[in-house]
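Written out below as structure tokens is the structure these notes cover.
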Amino acid sequence: MAAATQTQEAQERTIETDLPHRLDRLPWSSWHVRILIALSTSWLLDGLQVTLAGSLSGILQGKQGLSLSESQFAFTATIYLIGAVMGALFFGVLTDRFGRRKLFLITLATYSVATLGSALSHGMVSFCISRFLVGFGVGGEYAAINSAVDELIPGKVRGTVDLIVNANFWVGASIGSLATYGLLHGSPHMQTVGWRWAFAIGAVLGVAVLLLRLGVPESPRWLMLRGREDEADKITSEIEGKVSKGKPDSLPPIEGDKLKLAVSDHTPLGEILKNMSGENRMRSVLSLVLMAAQAFFFNAVFFTYGLVVKRFFHVSDNDLPLHLLPFAIGSFFGPVLLGKLFDKLGRKPMIIATYAIAGCLLIGTLIPFGMGTIGTRGLGIMFTIIFFVASSAASAAYLTVSEIFPLEIRAFAIALFYSIGTLIGGVGAPILFGALIKTGSHWAVSSGWALGAFLMLLGAAFEWKWGIEAAGQSLENVSKPMSSR
């Protein structure tokens, strides 16, 4: 009875804190760089996994691999996506309830063990189980990592940092393309054992990153929400000391009123859904459109490009990784070079511009392809330019979702809209383009690209109408916590 009374009192307790303002006033420092490195590698590992699995399809279907049929290999890709969706939703809820740090350690450990399982697989069943668990861990990473990054990084550079974090997916994709190209052109013996080493290296990288993450603290914002203000204050003071090199008095003054929060141990799912469908309904619609549009766009173009050049330009399986490499490079440098503009010019103008430009460029590419007047080199150049812009748009979708929802539901919102986007783009686009490519018609494929271009233009229109300008602002100003008083 006494314990229940204490719990009720804790839940009704209100605290005042200036921790968000203390974190946002900090100048960029080497401490932030270490956090960036430790957390951004989640996207690198995902890019590596996707590229490895796709580029090794020929080996995995051969006797030197697992002797999978074409339909069985396609099923393993679907299993990976299902795992990612389920992992995002499962870990998304837990991240909001139990903290960012615990979950991004658990999700990475899940990824590492499952990736090692992929390397040790000896048949269809064991490989499917491993791929599901790899996806399960990767899906959980998105919610835990994006929420942790946004809550630890100062508001004035949050856009730049978030785009760089997401761009690391393409570093992994580039590494995967180069590694598989060397493997596919190696000796038959190398191909027999090389695919296992390729997956094993992913597991080793996961363990190395896990060790780096042990130095990443829990989000003080999440701690204050759960009434652990002493722990939150201690972590914030330590961060201030490291950033200022032991001279916290040299930091800029704290600006803004203190935040009043009602402490609770968790936010009920009913309240979360009520907030997303009620007060933040249009923000939910905006997030859905942005995430679904970029997911369909990338899955419709990048992840089916190998099938296109193989069918229409007769490119060999062994050379496919080199055709994808320029896209990955362009997709990385886009967010890195354009990211600063999301903080300098603002979220709305840059999101509108990147979505609209990517859609228009795709329209300008699908017409000559449909007419049969463009070759592999011209098509590759055009899509490299397109992805330079579109990658920033895709990263901005994750940035938007992580900024415009309250602290209590941030991780769940990221997980929910990532899952919906993955189902639409990751499942819907490959199925559609598989059917379009089989027709052998240039215009049939162009019609699918036209749909992708339309969705990107629709995303630009929704951002223009309902977008939220969050550049340089505290997260709590962009979206007031549900428990604020």
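Residue numbers are given in UniProt numbering: position 264 of the sequence shown equals residue 264, and the series is strictly consecutive.
Cβ coordinates follow ideal geometry from the N, Cα and C atoms, glycine included.
When the options are compared against residue i, the one with the closest alpha-carbon
i: residue 130; options: 421, 203, 30 and 465; result: 203
i: residue 398; options: 91, 135 and 150; result: 150
i: residue 363; options: 456, 415 and 273; result: 456
i: residue 470; options: 43, 272 and 400; result: 400
i: residue 484; options: 347, 267, 436 and 241; result: 267
i: residue 322; options: 281, 173 and 444; result: 173
i: residue 52; options: 178, 193, 138 and 164; result: 178
i: residue 211; options: 201, 143, 418 and 39; result: 39
i: residue 486; options: 32, 442 and 451; result: As shown, the chain starts at 1 and ends at 485. That puts residue 486 outside it, with no answer to give.
i: residue 377; options: 357, 286 and 324; result: 324
i: residue 432; options: 307, 361, 405 and 463; result: 307
i: residue 137; options: 176, 166, 88 and 127; result: 88
i: residue 304; options: 417, 109, 436 and 443; result: 436
i: residue 420; options: 19, 13 and 85; result: 85
i: residue 328; options: 392, 286 and 351; result: 392
i: residue 139; options: 192, 36, 293 and 93; result: 93
i: residue 416; options: 235, 91, 349 and 100; result: 91
i: residue 465; options: 389, 290 and 337; result: 290
i: residue 389; options: 406, 197, 380 and 359; result: 359
i: residue 199; options: 152, 220, 277 and 48; result: 48
Coarse secondary structure for residue i, derived from DSSP in three states
i: residue 374; result: coil
i: residue 151; result: helix
i: residue 250; result: helix
i: residue 234; result: helix
i: residue 438; result: helix
i: residue 15; result: strand
i: residue 474; result: coil
i: residue 345; result: coil
i: residue 547; result: Nothing about residue 547 can be reported from this structure: the residues present for the chain run from 1 to 485 only.
i: residue 479; result: coil
i: residue 2; result: Annotation note: pLDDT 47 at residue 2 (below 50); position unreliable, no value reported.
i: residue 244; result: coil
i: residue 219; result: coil
Buried or exposed by the 16-neighbour rule on C-beta atoms within 10 Å, applied to residue i
i: residue 387; result: buried
i: residue 226; result: buried
i: residue 413; result: buried
i: residue 347; result: buried
i: residue 313; result: exposed
i: residue 430; result: buried
i: residue 480; result: exposed
i: residue 477; result: exposed
i: residue 408; result: buried
i: residue 14; result: exposed
i: residue 193; result: exposed
i: residue 337; result: exposed
i: residue 281; result: exposed
i: residue 250; result: exposed
i: residue 208; result: exposed
Proximity test, residue i beta-carbon vs the ligand COA heavy atom, cut-off 8 Å
i: residue 403; result: In the structure on display, the ligand COA does not appear, and there are no ligands present to speak of.
Item checked: Any 3 or more C-beta pairs closer than 8 Å across the region 330-349 and the region 425-435 -> Short answer: they don't touch.
Item checked: Unbroken stretches of the alpha helix (DSSP H), 4 residues or longer, contained in the region 23-76 -> Qualifying alpha helix (DSSP H) stretches, in chain order: 30-55 and 57-61.
Checklist line | Secondary structure, alpha helix (DSSP H): runs of 4+ residues fully inside the region 98-151 | finding: DSSP runs (the alpha helix (DSSP H)) wholly in the region 98-151: 100-119.
Margin query: Using 8 Å as the cut-off, can you tell me whether the region 41-49 makes contact with the region 66-76, which would need three or more C-beta pairs spanning the two stretches below that distance?
Written below: Touching, no.
Note to self: When you compare the region 115-123 with the region 23-30, are there three or more beta-carbon pairs, one atom per stretch, that lie closer than 8 Å?
What the structure shows: In short, these stretches do not touch, since the Cβ pair count stays below three.
Item checked: Inter-stretch contact (C-beta, 8 Å, three-pair minimum) for the region 279-289 and the region 359-375 -> Here the region 279-289 does not lie against the region 359-375, with fewer than 3 beta-carbon pairs under 8 Å apart.
Check: Could you give the uninterrupted runs of the alpha helix (DSSP H) lying entirely in the region 378-433, keeping only those of 4 residues or more?
Finding: List check, alpha helix (DSSP H) in window: 410-421.
Notebook entry, point to check: Within the chosen definition, does the region 437-456 reach the region 351-365 through at least 3 CB pairs nearer than 8 Å?
Noted result: Result yes; three or more Cβ-Cβ pairs closer than 8 Å.
Next item on the list: Counting only runs of 4+ residues fully inside the region 260-345, write out the alpha helix (DSSP H) ranges in chain order.
Entry: Within the region 260-345, the complete alpha helix (DSSP H) runs of at least 4 residues are 269-277, 281-301, 305-313 and 320-344.
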